[in-house]
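J.:
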Ligand SMILES: Nc1ncnc2c1ncn2[C@@H]1O[C@H](COP(=O)(O)OP(=O)(O)OP(=O)(O)O)[C@@H](O)[C@H]1O
Ligand SMILES: [Mg+2]
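Protein chains in written order, with this note's numbering: chain A, 1 to 232; chain B, 233 to 480.
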C-alpha cells in the first residue's frame with residue numbers, strides 16, 4: 001500500500017480547517033436554538049392549558065419518531081416547496097424561497113435536539129422538590145415567578161451534564177448536514193477522496209479531526225459538571 | 233397600659249377534604265396580634281393541612297378565614313400578595329440551593345418589595361445577626377447543618393416583614409443537639425411580639441413560649457387552652473393519652 005499522507009495533509013488539511021469553522025457555526029447556533037426550543041417546549045408541556053400540552057406532545061413525538069436525516073431533507077427540500085405553494089395559494093405569486101443549506105441544517109439540528117432537550121428539561125423541572133415551589137409561594141412569589149426564578153434555574157443546573165452529552169453528540173451529527181450539501185467535514189472529505197482515491201488518508205484525517213473537536217469538549221463538560229456538584 | 237387586642241386571624245367552620253378523606257372538620261380559631269399558638273397532636277391529625285390552609289397552600293373545602301378582617305377565601309383576593317404578609321417555615325427548610333445565604337434572604341424583598349440591593353443586604357445582615365448566622369453570609373446552603381439551614385430559613389421569612397409566621401414542625405428533621413439553637417431563635421421572636429402559629433412536638437417549647445395550645449386529632453380541635461390547662465390539667469382523655477407519651 002502506498003499512502004500519500006503528506007499529499008492529503010497539505011491539500012485536504014486546509015479544506016478541513018474551513019470545514020471545522022462550518023461545524024462550529026452549525027453546532028454553536030444549533031445548540032443555542034435547541035436549548036431555547038427545549039426550554040420553551042418543556043414549559044408548554046408543563047402548562048395547565050391542556051390543548052397546548054397536547055400539541056407539544058404530538059410535535060415532540062413526530063420529531064423523536066423520525067430520523068434527523070429525514071428531517072434535514074424535509075426542511076431543505078420540502079418546506080420551501082410547501083411555502084411556495086402556500087404563497088401561491090394566497091395569491092402573492094411565486095417567491096422562490098430557498099434557505100441556505102447551512103441555515104436549513106442549523107434549523108434541523110435545533111428542532112431535532114430541541115425535542116430531546118425538552119424532555120431533559122421537563123424531567124429536570126419535575127424532579128425539583130415541591131418544597132422549593134411551596135417555599136417560594138409562601139414568600140409571596142407568584143406561580144410564574146416561582147417557575148422562572150426558583151425552579152428553572154435549578155432544573156437548568158441539574159441538566160448540565162446531559163446537555164453536555166448532547167453538545168458533543170451534535171458536533172458529530174453535523175456530519176449529516178453533508179446530505180443537504182453543507183460543506184462541512186464529511187462532504188469535503190468525500191469530495192477529496194473521490195478525486196484522489198486517497199481513501200485511507202482522507203477518512204483517517206476526518207476521524208482525527210472529529211476526535212480533536214469532541215474530546216476536549218467532553219473534558220470541559222466533566223469539569224463544569226464537577227464544579228456544579230460542589231455548589232450543589 | 234393595656235393595648236386593645238387586635239384580631240389577626242379568624243377561622244370559622246373550616247373543613248378540608250382530600251378526595252373523600254375528611255382531614256379538617258369544623259375547625260374554629262381566633263388569633264390576636266402578638267399571640268403564640270402551638271398546635272400539637274398525633275401524626276395525620278391534620279396539623280399541617282390546617283397550617284397550609286391559612287396561607288392558602290391548600291384550598292379549604294368550606295368555611296371562612298379572615299385575616300385582619302378581610303376574607304381571604306374571596307375569589308378576587310390576590311393570593312401572592314396576601315402570602316407576603318404570612319411567612320412560613322417548613323420542616324424541610326427549602327432554602328434555594330443555587331443562591332448563597334445572603335441572596336436566599338434578599339431575593340424575595342428585592343423582587344417583591346422592590347428593595348434595592350444595598351438596603352436588602354443591610355437588612356439581611358441584621359437578620360442573620362439575629363439568628364446567629366452572620367458568619368455564614370456567603371456560604372451555600374449545601375454546606376450548612378440542618379439547624380443552620382433552618383435559622384437561615386427563618387431569616388428569609390422575616391425579610392418579608394410578615395405579620396404572622398407559620399412554623400410546621402421546624403425542628404422535626406433536626407438532630408437532637410441542633411434543636412435548641414432553632415427553638416432559641418423562635419423564642420426570641422416570640423419575645424419580640426411576633427405573632428406565631430407553631431406546629432410542634434417540642435412540648436417544652438410549647439409550655440414555655442405559647443400563650444395558647446391546641447390539641448388536634450382526627451381533623452378536630454379536641455382541646456384548647458393555656459399551656460397550663462393543656463399540660464397540667466388536660467380535660468379530654470385523648471389529650472391525656474397523647475401527652476402521656478411525652479412524659480419521661
Ligand atoms: N396532598 C394530600 N393529598 C391527599 N391526602 C393528604 C395530602 N396531604 C395530607 N393528606 C392526608 O391528610 C391527613 C392529614 O395530614 P397532615 O399532613 O395535615 O397531618 P399532620 O397532623 O401534619 O401529620 P404529621 O404530624 O405526620 O405531619 C392525613 O391522613 C394525610 O394522609
Ligand atoms: Mg405535618
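Backbone N, C-alpha and C fix where the C-beta goes; we use that ideal spot for every residue, glycine too.
Note that the structure is a prediction, hence the values are computed from the model and not measured.
Can you confirm whether residue 108(A), when its beta carbon is compared against all beta carbons of chain B, has any partner nearer than 7 Å?
T.: no
J.: Kindly give me the distance between the Cβ atoms of residue 370(B) and residue 333(B), rounded to whole angstroms, as I take these residues to be in contact under 8 Å.
T.: A Cβ-Cβ separation of about 7 Å places residue 370(B) in contact with residue 333(B) under the 8 Å criterion.
J.: For the stretch 146-158 of chain A, which residues have a CB atom closer than 8 Å to at least one CB atom of chain B, in sequence order?
T.: 149, 150, 153, 154, 157
J.: List the DSSP bridge partners of residue 447(B).
T.: 272(B), 455(B)
J.: Just tell me which of 285(B), 253(B), 271(B) has its CA closest to the CA of residue 245(B).
T.: 285(B)
J.: Less than 6 Å between the CB of residue 311(B) and some heavy atom of ligand 1, yes or no?
T.: no
J.: Does the stretch 161-173 of chain A come close enough to the stretch 347-367 of chain B that 3 or more CB-CB pairs lie under 8 Å?
T.: no
J.: State the DSSP-derived secondary structure class of residue 154(A), mapped to helix, strand or coil.
T.: helix
J.: Is residue 272(B) near residue 321(B), with beta carbons less than 7 Å apart?
T.: no
J.: Check the DSSP bridge columns for residue 244(B) and list the partner residues they point to.
T.: 296(B)
J.: Terminal residues of the continuous beta strand (DSSP E) containing residue 429(B)?
T.: Per DSSP, the continuous beta strand (DSSP E) segment holding residue 429(B) begins and ends at 427-431.
J.: Under 8 Å, with one C-beta from each stretch per pair, do the stretch 413-430 of chain B and the stretch 323-337 of chain B reach the 3-pair mark?
T.: no
J.: May I have the straight-line CA-CA distance separating residue 266(B) from residue 239(B), to the nearest angstrom?
T.: 10 Å
J.: Identify whether residue 1(A) lies in helix, strand or coil by the three-state DSSP scheme.
T.: Of the three classes helix, strand and coil, the one that applies to residue 1(A) here is coil, per DSSP.
J.: According to DSSP, is residue 83(A) helix, strand or coil?
T.: helix
J.: Just the chain A side, please: which residues come within less than 9 Å of residue 324(B) by C-beta, in chain order?
T.: Near residue 324(B) (Cβ distances below 9 Å), the residues of chain A are 129, 131, 135.
J.: Are the C-beta atoms of residue 142(A) and some chain B residue less than 7 Å apart?
T.: Yes - at least one Cβ of chain B is within 7 Å of the one on residue 142(A).
J.: Quick one, which residues of the stretch 268-288 of chain B are near chain A if we go by CB-CB under 8 Å, in chain order?
T.: 287
J.: Count the other C-beta atoms from every protein chain shown that fall within 10 angstroms of the C-beta of residue 463(B), then say buried if there are 16 or more, exposed otherwise.
T.: buried
J.: Using a Cβ-Cβ cutoff of less than 6 Å, which residues in the same chain neighbour residue 262(B) once the five nearest sequence positions on both sides are dropped?
T.: 242
J.: When the Cα atoms are used, what is the spatial distance from residue 248(B) to residue 375(B)?
T.: Distance between the alpha carbons of residue 248(B) and residue 375(B) is about 38 Å.
J.: Assign residue 382(B) to one of two classes, buried (16 or more other C-beta atoms within 10 Å of its C-beta) or exposed (fewer than that).
T.: buried
J.: Can you give the Cα-Cα distance for residue 302(B) and residue 223(A), rounded to whole angstroms?
T.: 54 Å
J.: If you count every other CB in all the chains shown that lies within 10 Å of the CB of residue 188(A), and 16 or more means buried, which is it?
T.: buried
J.: Terminal residues of the continuous alpha helix (DSSP H) containing residue 381(B)?
T.: 378-390
J.: Could you have a look at residue 399(B) and say whether DSSP puts it in helix, strand or coil?
T.: strand
J.: Mind checking who residue 317(B) pairs with in its DSSP beta bridge?
T.: BP columns for residue 317(B) are empty, so no partner.
J.: Pull up the CB-CB distance for residue 108(A) and residue 72(A), whole angstroms please, since I reckon it's below 8 Å.
T.: 4 Å
J.: Grab the span of the beta strand (DSSP E) containing residue 277(B) for me, first residue to last.
T.: Residue 277(B) -> no beta strand (DSSP E), and no H or E assigned at all.
J.: Exposed or buried, residue 48(A), counting other C-beta atoms within 10 Å across all chains shown (16 or more means buried)?
T.: exposed
J.: Which residues, in chain order, does the stretch 333-347 of chain B contribute to contact with chain A at a C-beta distance below 8 Å?
T.: 339, 340, 343, 344
J.: Closer than 8 Å is the cut-off here; do at least three beta carbon pairs connect the stretch 102-116 of chain A with the stretch 134-147 of chain A?
T.: Verdict: no, contact absent.
J.: Do we get a CB-CB distance below 7 Å when we pair residue 39(A) with the residues of chain B?
T.: no
J.: Using the beta-carbon of each residue, which ones in chain A are nearer than 8 Å to residue 316(B)?
T.: Going along chain A in sequence order, the residues near residue 316(B) (Cβ under 8 Å) are 139, 140.
J.: Are there 16 or more other CB atoms within 10 angstroms of the CB of residue 280(B), so buried, or fewer, so exposed?
T.: buried
J.: With distance defined between alpha-carbon atoms, name the residue in 11(A), 26(A), 8(A), 10(A) nearest to residue 172(A).
T.: 26(A)
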